[in-house]
Every structure is written in structure tokens, then in C-alpha cells.
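Structure, as C-alpha cells:
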């Protein structure tokens, strides 16, 4: 008899000790589903076995049985995030225009980060499980699969390995910060009334630089800021891509030419 089959006498109203509730046995997937949904609006640090167990009508020990430690839970949530992200990537129609392809990927990534606070905050602030996940035998590490797909996209776009690594990292950081700023309502336009009051509070000539553009600054919105940053990044990517000797085919040719003859 395994731990999932143990029947334990309990008092009325007390959660079951064997991982069952009135709807039947609580599965590992059910726990991850609930944790993933809760993390859309809160930090992964705030997701607890105690809270999940209460919502599922079982004791915390039942969830530890299915998932293990808090690290296991965090990695399971992030693996689900990357699984969804890989599925969304697969729906991106291919394009012969690399700039269009990477631009659409960036918008998709910003939207994914913005839709899941827990995952985006963890990826921005923590190194552990940022990409690679702790998976069981036979399970897919969707963080690794996601990076595989993205690096392949950059390679097909004509970028060498160094460019792929650096440019993806810069692009991902731009998407992360833009999504976080929008979710937290940090764009100046979100605080327009306050900024305009500040613009009127200083005497003429007291702060000419501030007076020069504070009213215009109060109109800045998150989506336009993201677009400007993305265009600047893509312009830089294009300039580096156009330099002779920087493409993947050039590097392969150079590698072959530098080999010692027998």
C-alpha cells in the first residue's frame, strides 16, 4: 500500500492526511495548476504549501508528498510558465524578415511576462531556476526547450553564437522591465496629474531643464516606450549583423580555414 492509498481517521471538518478531498485524490498536476494560477498575481515567495493545502482541502504534508520542497514547487511553476511560452512560440507564423520575426517574438515575450507576475519577478531577480528546471525522470525541461527554440530563431536570422547570446539577453531584459513597469503602473502617464502639479509648482527659471519637458514626460506611456526601446535594439542588431565576418556561415568558414593541415 502506498502513501496515496492510506486511509486515516480524522475529525469532522479536518483536512485529509492522505492527499484526498471531497472531489477525490489530489494529483501533482492539480497542485501545480493551482499554484501556477495563484502566481499570476503574486510573488512565488508568497505561494506556500500551507495556503495551497487549505484551498485544496488537504494537509500540507500531502502536497510535500507530491512535489517535495519549496524549490520543487517554484521550479514546477516556472516549468509550466515555459511550457506555455513554448506553445505560444510554436504559434508564431514564420517570416522571411528576421526583424519582423524577432520583433513579434519580443512582443509575445513581453505579454507573457506581463501576464504572470510570479514568473517574471523570479526570472528578473533570481538566478536559480531562471531557465533550467528541476524535473523528474521522463519530464521535459521546458526552460531548456524554450531557450533552444529562441537560440535557433536567432541562428536562422543570421546571428553568430556570440550575437545570439548577447542580443537575446538584452531583448529579454527589455521585455522583462517593460512588462514589470506596465504591470506596476510605473509609466509617467499613470501619474500624469501629480507630474503636472509638480510642473506648475516651480517658479519660472528655477528649474529650466525640468520645466522644459516635464509636461511632455507626463504623457509617456508604457507601450510606446517599449516600442522605442525595441526599435533601438533591432537597429543595433541589424548594424552588427551587417558587419562582414560576423555571420554564422562566416565563422564556420573561418574555423575550417584555421584548421592545421595533416
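In the numbering used here, the protein residues as written are 27 to 288. Where is the CB? At the ideal position from N, CA and C, for every residue including glycine. Only a predicted model underlies this, so the values are computations on that prediction, with no experimental measurement involved.
Residue i versus residue j: straight-line alpha-carbon distance, rounded
{"i": "residue 180", "j": "residue 128", "result": "8 Å"}
{"i": "residue 99", "j": "residue 58", "result": "8 Å"}
{"i": "residue 8", "j": "residue 185", "result": "No statement about residue 8 is possible, as the shown extent of the chain runs from 27 to 288 and does not include it."}
{"i": "residue 212", "j": "residue 271", "result": "42 Å"}
{"i": "residue 86", "j": "residue 56", "result": "14 Å"}
{"i": "residue 115", "j": "residue 173", "result": "11 Å"}
{"i": "residue 217", "j": "residue 163", "result": "50 Å"}
{"i": "residue 130", "j": "residue 227", "result": "42 Å"}
{"i": "residue 84", "j": "residue 110", "result": "28 Å"}
{"i": "residue 160", "j": "residue 125", "result": "34 Å"}
{"i": "residue 170", "j": "residue 104", "result": "11 Å"}
{"i": "residue 229", "j": "residue 120", "result": "56 Å"}
{"i": "residue 73", "j": "residue 235", "result": "45 Å"}
{"i": "residue 187", "j": "residue 251", "result": "29 Å"}
{"i": "residue 143", "j": "residue 63", "result": "10 Å"}
Assumed close pair residue i, residue j - CB separation to whole angstroms, cut-off 8 Å
{"i": "residue 155", "j": "residue 101", "result": "5 Å"}
{"i": "residue 145", "j": "residue 244", "result": "About 31 Å; that fails the 8 Å criterion."}
{"i": "residue 79", "j": "residue 89", "result": "5 Å"}
{"i": "residue 219", "j": "residue 240", "result": "About 13 Å separates the two Cβ atoms, so there is no contact after all."}
Candidates the options: closest to residue i by CA position
{"i": "residue 200", "options": "253, 64, 76", "result": "253"}
{"i": "residue 329", "options": "84, 72, 117, 183", "result": "There is no way to answer for residue 329, as the model of the chain reaches only from 27 to 288."}
{"i": "residue 132", "options": "256, 270, 143", "result": "256"}
{"i": "residue 237", "options": "249, 222, 250, 251", "result": "222"}
{"i": "residue 106", "options": "158, 192, 220, 265", "result": "158"}
{"i": "residue 197", "options": "68, 110, 262", "result": "262"}
{"i": "residue 265", "options": "126, 189, 220, 224", "result": "189"}
{"i": "residue 76", "options": "67, 68, 61", "result": "61"}
{"i": "residue 249", "options": "203, 229, 235, 233", "result": "203"}
{"i": "residue 118", "options": "51, 135, 104", "result": "135"}
{"i": "residue 259", "options": "68, 166, 194", "result": "194"}
{"i": "residue 289", "options": "121, 120, 54, 68", "result": "Lying outside 27 to 288, the shown extent of the chain, residue 289 is not represented and no answer is given."}
{"i": "residue 141", "options": "52, 97, 187, 210", "result": "210"}
{"i": "residue 53", "options": "74, 82, 63, 73", "result": "82"}
{"i": "residue 208", "options": "137, 233, 165", "result": "137"}
{"i": "residue 215", "options": "232, 247, 51", "result": "247"}
For this session: Evaluate contact between the region 83 to 97 and the region 136 to 153, counting only Cβ atoms and requiring at least three cross-stretch pairs below 8 Å.
Result: Output reads no: the region 136 to 153 does not touch the region 83 to 97.
For this session: Go through the region 121 to 177 residue by residue and report every complete run of the alpha helix (DSSP H) that reaches 4 residues or more, in order.
Result: Counting whole runs of 4 or more residues, the region 121 to 177 contains the alpha helix (DSSP H) stretches 124 to 141, 143 to 151.
Problem set entry | Complete alpha helix (DSSP H) runs within the region 85 to 118 (minimum length 4 residues, chain order) | Counting whole runs of 4 or more residues, the region 85 to 118 contains the alpha helix (DSSP H) stretches 86 to 93, 96 to 116.
Problem set entry | 3 or more residues per run - each beta strand (DSSP E) lying fully within the region 194 to 251 | Considered as a whole, the region 194 to 251 harbours no complete run of any beta strand (DSSP E) with no fewer than 3 residues.
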